[in-house]
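Engineer: One structure coming up, written as structure tokens, with questions to follow.
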Amino acid sequence: MRHQLVAKENVDERIGDHHFQVEKDQTIELSAKGAEVAMATGKFEYSSEVPETPIEKKRFQETEKGAAQERQKLVKEKLKPLLKLNKDELLAEAEKLNLENVSDLNKEPLALAIAEAQVGGNK
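In terms of my numbering, the sequence shown has 51 at position 50, counting the first letter as 1, and numbering is strictly consecutive.
Shown next, in the form of structure tokens:
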């Protein structure tokens with residue numbers, strides 16, 4: 002998400018990674034982090050959020066997709082050794098992770114629930 006800021010005064014200085022040359026009442030568009038840094042100087046005031054561009058939306062979706070694939074890979078790795086345990090051992094493991102309502106699950110779904118909890122919870 003990007004943000005629009007308005008200069009309260011003429012600015013001609015380096016702030017963070019950017020060199021700003023902005024006249025009073027001129028607007029600039031920055032990332033959330035850049036806006037935070039610029040606002041901290043007291044020389045800018047917040048104006049508005051700028052809607053995401055199609056490219057930004059696509060990048061976000063690709064990042065989310067990659068994270069989901071990585072998570073699935075980790076779950077599969079955790080699942081392999083769990084499938085070698087018997088149901089009582091799996092229930093003990095589930096208890097350590099404070100998983101609830103798993104005692105009536107069959108072995109495979111129980112092992113999957115444990116693996117997902119170990120990786121970072123169900124999503």
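Here a beta-carbon is modelled for each residue, glycine too, at the ideal position from N, C-alpha and C.
So, with DSSP's three-state summary, where would you put residue 62?
Structural biologist: For this step, residue 62 is matched to residue 61 along the sequence shown. If DSSP states are grouped into helix, strand and coil, residue 62 belongs with the helices.
Engineer: Between residue 33 and residue 4, how many whole angstroms is the CB-CB distance? I'm expecting something under 8 Å.
Structural biologist: Along the sequence shown, one-based indexing puts residue 33 at 32. Along the sequence shown, one-based indexing puts residue 4 at 3. Confirmed, Cβ separation roughly 6 Å.
Engineer: Starting from the Cα of residue 15, find the closest Cα among 58, 120, 38 and give me that residue.
Structural biologist: The sequence position of residue 15 within the sequence shown is 14, counting from 1. Closest option to residue 15, Cα to Cα, is 38.
Engineer: For residue 84, count neighbouring C-beta atoms within 10 Å of its own C-beta (all shown protein chains included) and say buried if the count is 16 or more, exposed if not.
Structural biologist: The sequence position of residue 84 within the sequence shown is 83, counting from 1. The C-beta of residue 84 has fewer than 16 other C-beta atoms within 10 Å across all chains shown, which makes the residue exposed.
Engineer: Please list, in chain order, all residues of the same chain as residue 17 whose beta carbon is under 7 Å from its beta carbon, the five residues on each side excluded.
Structural biologist: Reading the sequence shown from its first residue, position 16 is the one you call residue 17. Hits under 7 Å: 35, 38.
Engineer: Which residue wins for smallest C-alpha separation from residue 81, given the options 117, 93, 98?
Structural biologist: For the purposes of this step, residue 81 is taken as the residue at position 80 of the sequence shown. Closest by alpha carbon: 117.
Engineer: Name the DSSP beta bridge partners of residue 32, please?
Structural biologist: Taking the sequence shown and counting its residues from 1, the one referred to as residue 32 is at position 31. Beta-bridge pairing links residue 32 to 3.
Engineer: For residue 13, tell me which candidate among 30, 31, 44, 2 has the shortest Cα-Cα distance.
Structural biologist: In the sequence shown, residue 13 corresponds to position 12, counting from 1. Residue 13 has its Cα closest to that of 44, out of 30, 31, 44, 2.
Engineer: Is the separation between the beta-carbon of residue 7 and that of residue 46 shorter than 8 Å?
Structural biologist: Counting from 1 along the sequence shown, the entry for residue 7 is found at position 6. Counting from 1 along the sequence shown, the entry for residue 46 is found at position 45. Yes, Cβ-Cβ distance for residue 7 and residue 46 is below 8 Å.
Engineer: State the beta-bridge partners of residue 49 as determined by DSSP.
Structural biologist: Numbered from its first residue, the sequence shown carries residue 49 at position 48. 5.
Engineer: Could you spell out the range, first to last residue, of the beta strand (DSSP E) harbouring residue 90?
Structural biologist: Taking the sequence shown and counting its residues from 1, one reaches residue 90 at position 89. Note, residue 90: premise wrong, no beta strand (DSSP E); alpha helix (DSSP H) at 88-97.
Engineer: Would residue 103 pass as a contact of residue 72 if the rule is Cβ separation under 8 Å?
Structural biologist: Translated into positions along the sequence shown, residue 103 becomes position 102. Translated into positions along the sequence shown, residue 72 becomes position 71. Contact flag unset, no.
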